[in-house]
Structures are given as C-alpha cells and as structure tokens.
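Student: Below you will find the structure I want to go over with you.
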Amino acid sequence: MKITEIWKTSQKPTVSFELFPARSDKAAERLEQTIDELSALKPDFVSVTFGAGGSTREGSRQLIEKLKDEKGHEVIGYFAGYGLGPEDIHAVLDSYHVIGVENLLVVRGDPPREGDFTPHPDSLTYASDLMAFIRPKYDFCLGVAGYPEGHVDAPNLAKDIEYLKLKVDLGAEYIITNYCYDNQFFFDFLERCKAAGINVPVLPGVMPIYSVKMMETLASLCGATITDELRQGINDLPEGDKEALLSFGIEFAIRQCRELIEGGVPGLHIYTMDRSTSSIGIIDGLRGEGLL
Ligand SMILES: Cc1cc2nc3c(=O)[nH]c(=O)nc-3n(C[C@H](O)[C@H](O)[C@H](O)COP(=O)(O)OP(=O)(O)OC[C@H]3O[C@@H](n4cnc5c(N)ncnc54)[C@H](O)[C@@H]3O)c2cc1C
187 MKITEIWKTS QKPTVSFELF PARSDKAAER LEQTIDELSA LKPDFVSVTF GAGGSTREGS
247 RQLIEKLKDE KGHEVIGYFA GYGLGPEDIH AVLDSYHVIG VENLLVVRGD PPREGDFTPH
307 PDSLTYASDL MAFIRPKYDF CLGVAGYPEG HVDAPNLAKD IEYLKLKVDL GAEYIITNYC
367 YDNQFFFDFL ERCKAAGINV PVLPGVMPIY SVKMMETLAS LCGATITDEL RQGINDLPEG
427 DKEALLSFGI EFAIRQCREL IEGGVPGLHI YTMDRSTSSI GIIDGLRGEG LL
C-alpha cells in the first residue's frame, strides 16, 4: 500500500521505524531480534536505508524482502543515488519493483567517508535530479528528505526550502525529516514549507538518545542542535549510567513526540539504529496515554 493511502485512512498518527541492513553476522543476529521486537509493536510501516554508492545494495533489498514477505510490513525503500550511473539506478529500482516495493524515499546520499569510491561520470548531483530521472519511469509513491534546521551544505534556510519545493514539484508525495531535539525547529520548518506552497505530508524523524557519543557524532554530521536543556538533563544523570541515560532518552522523546502529535503531525518516524528498547519505551508510553 502507498504510504499516502495509509495516512488517508489512519485514525491516529502512524508509527514507523527506520532500519538499516546489518554489516556483520553478529549484527544480523541482533537485527533479527530487533525486528521481532519492533514487529510486536505493529508499526504502520518500516523503512530501510540504502548505502550511498550502492554499498548496501544487496543487503537493503534482502532486508526489504524479509520485512515485507516474512514479517508482513509495508516498507519504504530508501534510495541514495550518490555516485550511481543511470544503469545502476535502473538495476536497483527494478529490483525493488520486482519484489513489490511501492514506496521509495529518494535522497542524494553523501560521498563515503572511507575507501576509494569513484562516482560514475553520469551520476546525478542532487536529489531533485534523481526525482526528475525516476518519476517518469516508475510508479513508486515517492518521498524526499527535509531538514528542519536546514541541510548542512545549504547556503541558507530559504534556499534549502526552495530546493525542497523543487523536489515536491518533481513528484515527491511526502517528506520525512531529519530529527531535531527542539520541536520549534520542526514547527518553524512546517511554516516555511507552507509559505513555499509545499502541501504534502511532512513526517517528523525522531532520534532517541542511545549514547552520548552517538548523539554527539550524529548531531555534528547532520547539523542537529543539542539544546542546553538536553545537555543539562544528561549532565544531571549519574555518570556512566547507561540505563539512566536510556530512560532519560525515552522520557525526552516521549515529551517531544507528545508535542509533535499535539501539533498535528501525520505520524512519528523513529530512527531505531537497529535497536528496539528505546522505540518500545517511547511507543508504549505514548500508547499508554492514548496518543497513538
Ligand atoms: C529521512 C532521511 C533518510 C535518509 N536516508 C539515507 C539513506 O538511506 N542513505 C544515505 O546515504 N543517506 C540518507 N540520508 C542522508 C542524505 O543522503 C544526506 O543528508 C545528503 O547529504 C542530502 O540528501 P538530500 O536528498 O537531502 O539531498 P538534496 O536534496 O540534493 O540536497 C543536498 C544539498 O544540496 C542543496 N541543493 C539541493 N538541490 C540543489 C540545487 N538544484 N542546486 C544547488 N543546491 C541544491 C540542498 O540545499 C542541500 O544543502 C537520509 C536523510 C534523511 C533526512
């Protein structure tokens, strides 16, 4: 089913989880367990990332197949086009089409940070170029990425929204956002979208706090602001207490999600990092309050 159809019929905000393909046998074992635990929460859909340059090509397809066919989930397959030539793009998208993928999130991707990778000479520069390439050829329900605090390379917020509008004009039917720790960034982003004439559903990404190191690293990569309130809350915890940090992160995310739901979002998209404890805590908490 197309994600946009799910939103049309859903009485409550949707629940969805992002997963990525495992990179080792041990991680694959853990992922198997994570999938079972997250499946028990009966999400409305799940999504699977795609390594830029095609690095997880086979793993992403296999994971999508497992989630769809073995677990019965509706899936958004992500597609990061960085470095891929037209034939590679066709090969990946044809393979998704064959296994019945109906929803695709089209992102540019970033150059791999390790190893030598030479982009195909005919690879496309921006996600909008990918949209223009893909839309006329495939019938996927297409989505694109949005950035409440602006993308790290964007010259300014206004230009970033201009490029987002271009992606929507080229056929994006929904937007999934990068996470932020202060909802005001998200609500201001919604206002900018509205002012620019972007009228498709905007699904907020939510990143639970898994560890301080991961929080710092990811935030510096994607430009998410770690607010003073969040830093203070973490500083007040007993040092090195992982359980306390996880619980604090769950409570922080519940508060954030509660406000997002009150603000009328179509759903909550949790960046699971292939872990289940925080997602379970957050979704159980919100369901306990009758919000989901
Ligand atoms: C929900 C979500 C899912 C993601 N999934 C993946 C994934 O599976 N795999 C992965 O590798 N990465 C993923 N990413 C990360 C993403 O690939 C990076 O953030 C990447 O740097 C930008 O991708 P984009 O599609 O937003 O790029 P674009 O929309 O192309 O934007 C990239 C930058 O270029 C600017 N820009 C856009 N169009 C133009 C133009 N025409 N002229 C000049 N400048 C322009 C934008 O302002 C922005 O600064 C995801 C991000 C999000 C939010």
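187 is the number of the first residue of the sequence shown in our numbering; add one for each residue after it. Using N, Cα and C, we set each Cβ at its ideal position, and we do this for glycine too. Small disclaimer: the values here were computed from a predicted structure and weren't measured.
(1) Could you check which residue in Asp211, Gly383, Val232, Tyr360 has the C-alpha nearest to that of Gly258?
(2) Is it buried or exposed for Met400, if we count other Cβ within 10 angstroms and need 16 for buried?
(3) Gly471 and Ile447: beta carbons closer than 9 Å?
(4) Let me confirm a value: Arg417 is counted as buried when at least 16 other C-beta atoms fall within 10 Å, else exposed. Which label applies?
(5) Does DSSP put Gly453 in a helix, in a strand, or in coil?
(6) Got a sec, what are the start and stop residues for the beta strand (DSSP E) Tyr264 sits in?
(7) Quick check: the Cα distance between Gly409 and Tyr264, rounded to an integer number of angstroms?
(8) Can you have a look at Asn342 and say buried or exposed, based on whether 16 or more other CB atoms are within 10 angstroms of its CB?
(9) In the DSSP assignment, find the beta strand (DSSP E) that holds Leu205 and state where it starts and stops.
(10) Going along the chain, which unbroken runs of the beta strand (DSSP E) with 3 or more residues stay wholly within the segment 338–363?
(11) Output needed for Thr463: all residues of its chain with C-beta closer than 7 Å, excluding positions within five of it in sequence on either side, in chain order.
(12) Would the segment 388–403 count as touching the segment 205–218 if we require 3 or more Cβ pairs under 8 Å?
(13) Relative to the C-alpha of Ile466, which residue among Pro207, Ser210, Trp193, Ser225 is closest?
(14) In the DSSP assignment, what are the bridge partners of Asn289?
(15) Among Thr311, Glu251, Asp280, which has the Cα closest to the Cα of Gly267?
(16) Could you pull the DSSP bridge partners for Leu389 from this structure?
(17) Considering only their Cβ atoms, is the gap separating Pro452 from Thr242 smaller than 9 Å?
(18) May I ask you to check if the CB of Tyr404 is nearer than 8 Å to at least one heavy atom of ligand 1?
(19) Assuming Thr411 and Cys366 make a contact with CB atoms under 8 Å, what is their CB distance in whole Å?
(20) Could you tell me which uninterrupted alpha helix (DSSP H) segments, each at least 4 residues in length, are contained entirely in the segment 393–420, listed from first to last along the chain?
(21) Sorry if obvious, but does the Cβ on Cys408 come closer than 8 Å to a heavy atom of ligand 1?
(22) Would you identify the three-state DSSP class for Ser233, choosing helix, strand or coil?
Tutor: Judging by the given coordinates:
(1) Val232
(2) exposed
(3) no
(4) exposed
(5) strand
(6) 261–266
(7) 21 Å
(8) exposed
(9) 200–205
(10) Within the segment 338–363, the complete beta strand (DSSP E) segments of 3 residues or longer fall at 360–363, listed in chain order.
(11) If we look at Thr463 and ignore the five residues flanking it on each side, its Cβ neighbours are Leu432.
(12) no
(13) Ser225
(14) Answer is Ile262, Cys327.
(15) Thr311
(16) Ile362
(17) Cβ atoms of Thr242 and Pro452: not closer than 9 Å.
(18) With the sequence shown as reference, residue 404 is identified as Leu, and Tyr is not the correct amino acid for it. Result no, Cβ not under 8 Å from ligand 1.
(19) 7 Å
(20) 398–408
(21) yes
(22) Here Ser233 sits in strand by DSSP.
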